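Working notes for the structure below.
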Amino acid sequence: MFRRLVASPSAYFAGAAVLSLTIIALQFDLSIPSRPAGTVRDLALLRNRGDLNVVFILVDALRADRMSLYGYGRPTTPVIDELANRGIVFERVIAQSSWTKTSMASLWTGTYPATHGVLRFDHAIPQEATLPAEIFKAAGYRTVGIWRNGWVAPNFGFGQGFDTYYTPKAGADAQLQRHSPGAASIGGTDEDVLVAARDFLETFGREKFLLYLHLMDLHQYVFDDDADDFGPTYSDAYDKSIDWTDRVIGALVDALDAAGVLPRTLIAISSDHGEAFLEHGREGHAYDLYREVVEVPYLIIPPLILDRGIRVEQAIASVDIWPTLLDLVGLPPLPGADGRSMLPLVLAAGGASDASAAVESTRAVVSHLDRHWGGRGEAREWVALTDADARLIVPAGRPDSAEFYDWRTDPREAKNRAAEDPPQLQPMLERIDRYRRDSAPPWGVESPRIEVDELRLNQLRALGYRVGS
Ligand SMILES: [Zn+2]
5 MFRRLVASPS
15 AYFAGAAVLS
25 LTIIALQFDL
35 SIPSRPAGTV
45 RDLALLRNRG
55 DLNVVFILVD
65 ALRADRMSLY
75 GYGRPTTPVI
85 DELANRGIVF
95 ERVIAQSSWT
105 KTSMASLWTG
115 TYPATHGVLR
125 FDHAIPQEAT
135 LPAEIFKAAG
145 YRTVGIWRNG
155 WVAPNFGFGQ
165 GFDTYYTPKA
175 GADAQLQRHS
185 PGAASIGGTD
195 EDVLVAARDF
205 LETFGREKFL
215 LYLHLMDLHQ
225 YVFDDDADDF
235 GPTYSDAYDK
245 SIDWTDRVIG
255 ALVDALDAAG
265 VLPRTLIAIS
275 SDHGEAFLEH
285 GREGHAYDLY
295 REVVEVPYLI
305 IPPLILDRGI
315 RVEQAIASVD
325 IWPTLLDLVG
335 LPPLPGADGR
345 SMLPLVLAAG
355 GASDASAAVE
365 STRAVVSHLD
375 RHWGGRGEAR
385 EWVALTDADA
395 RLIVPAGRPD
405 SAEFYDWRTD
415 PREAKNRAAE
425 DPPQLQPMLE
435 RIDRYRRDSA
445 PPWGVESPRI
455 EVDELRLNQL
465 RALGYRVGS
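Here it is as structure tokens:
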């Protein structure tokens with residue numbers, strides 16, 4: 005199970021070495037001039053162009069409510085705020101798990117965890133599944149994934165469809181990462197991803213491409229000297245790391261601008277799960293399914309500067325991320341996906357149509373975690389159902405232990421109202437039962453369990469997880 009890398013903030017700061025920037029100066033020009041102006045109606049026409057690149061940036065462990073983009077009181081994401089100001093922001097996005105592998109399997113396949121079955125440390129997405137990169141590759145795109153989290157390694161099936169799928173080698177600054185005594189760490193920093201992305205753009209920037217960049221510095225609470233000094237706690241360090249990551253993303257967009265590809269590149273940013281700071285008794289993630297570990301950002305920076313930004317209020321799910329992107333660029337949908345394109349909601353929110361009726365407004369979204377994901381023992385599954393105004397969190401087979409939260413009056417999920425037997429409770433329990441009973445992989449085979457050797461297990465343990473015992 006996930007554990008804190010070090011026991012206390014004081015231990016963390018006693019041993020922390022702040023990342024120093026020598027490879028790149030993250031001075032980011034907030035005015036990106038290199039895209040034409042456009043309107044919401046132009047968004048609907050993007051699919052006809054046939055020349056669009058997609059850059060998908062996954063910021064591991066980024067909870068939405070810590071971003072100034074989502075109303076946080078600290079200016080943690082000024083670069084993203086500026087980019088999203090004339091783009092598309094989904095206000096409420098529910099990840100399908102609080103643990104990277106289960107959540108990323110949902111994100112990439114567009115299916116819920118009970119559908120894909122990737123719930124344990126040794127489960128893999130089967131080759132029979134179709135992933136977005138395969139669709140892009142079949143459409144003639146060059147497909148490249150650059151990642152630093154071992155849970156999305158190719159042996160777990162995440163490399164399907166990528167021409168190149170790799171972890172960049174650690175750069176010169178790797179030794180300057182924090183080295184708390186006893187703290188686990190992975191090698192390198194997100195600067196290495198940035199350098200690799202620049203190399204890619206230099207070599208292949210004139211081709212049509214899908215570029216997936218999986219950033220990990222926030223997961224490791226890495227920050228630099230220029231991060232705002234928000235305070236001394238773990239939670240403050242997390243905010244500082246968001247600030248740092250925000251500037252890394254600014255530098256990535258700058259690199260796209262310098263390569264001259266922004267007018268034909270669609271950039272999407274999201275996360276796999278959030279991070280807890282004792283809201284429900286735990287720190288970190290991959291333990292439970294409360295809001296702080298499943299509510300993530302999703303924003304799209306289109307290849308044109310919209311006359312006004314679009315904010316979609318309805319709740320969506322991570323399984324909707326790729327159906328929406330594929331729809332935007334005019335590629336075929338993911339076969340058998342539980343998710344769906346939210347482009348109709350985008351167009352409606354932008355005033356171009358009244359298409360909101362095309363998406364069920366009362367749709368409920370599932371999150372799912374096997375709390376024994378890191379072990380070989382019996383399953384200990386939790387499922388959460390989020391509908392328009394309530395959340396139900398239930399340990400599998402134990403409806404008496406269900407927790408019910410009213411999001412209208414209690415968005416922090418502080419008071420469990422299940423004992424009051426609210427009218428939504430039984431229908432939501434039945435819906436969860438149906439989800440667990442009726443889900444099956446559309447590609448016809450169960451997710452295989454693979455041999456994970458000790459070397460790989462140690463790399464995963466370096467992320468701070470207890471796994472494989
Ligand atoms: Zn993660």
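Numbered per the numbering used here, the sequence shown spans residues 5 to 473. Glycine included, C-beta positions come from ideal geometry on N, C-alpha and C. The structure displayed is predicted, hence computed values, not measured ones.
Have a look at residue i and residue j and give me their C-alpha separation to the nearest angstrom.
| i | j | result |
| --- | --- | --- |
| I271 | I305 | 5 Å |
| A394 | I92 | 25 Å |
| R51 | D331 | 7 Å |
| D457 | R380 | 14 Å |
| T43 | S275 | 27 Å |
| A259 | R202 | 6 Å |
| E206 | T134 | 29 Å |
| R375 | R384 | 5 Å |
| A444 | A262 | 45 Å |
| G472 | T119 | 23 Å |
| K105 | T171 | 16 Å |
| N153 | D391 | 31 Å |
Mapping the DSSP letters down to three states, classify residue i as helix, strand or coil.
| i | result |
| --- | --- |
| E450 | coil |
| F140 | helix |
| N89 | helix |
| A352 | helix |
| Q463 | helix |
| A368 | coil |
| I314 | strand |
| V63 | strand |
| Y76 | coil |
Cβ atoms of residue j and residue i: under 8 Å apart, would you say?
| i | j | result |
| --- | --- | --- |
| Q164 | E195 | no |
| N89 | G313 | yes |
| W411 | I397 | no |
| L293 | S72 | no |
| L222 | L66 | yes |
| Y116 | S107 | no |
| Q131 | V370 | no |
| I246 | T80 | yes |
| P307 | L56 | yes |
Give the range of the beta strand (DSSP E) segment to which residue i is assigned.
| i | result |
| --- | --- |
| R96 | 92-98 |
| E407 | 407-410 |
| P301 | 299-305 |
| Y169 | 168-170 |
Based on the DSSP output, what are the partners of residue i in its beta bridges?
| i | result |
| --- | --- |
| W103 | DSSP lists no partner for W103. |
| T147 | L214 |
| N57 | T269 |
| W386 | L373, P399 |
| F281 | E287 |
| A319 | R96 |
| H127 | R453 |
| I309 | A41 |
Return no unless some Cβ of chain C is closer than 8 Å to the Cβ of residue i.
| i | result |
| --- | --- |
| H127 | The structure shown contains no chain C, having only a single protein chain. |
What residue does the alpha helix (DSSP H) around residue i start on, and which one ends it?
| i | result |
| --- | --- |
| Q430 | 429-442 |
| F204 | 194-208 |
| Y242 | 238-262 |
| W326 | 325-333 |
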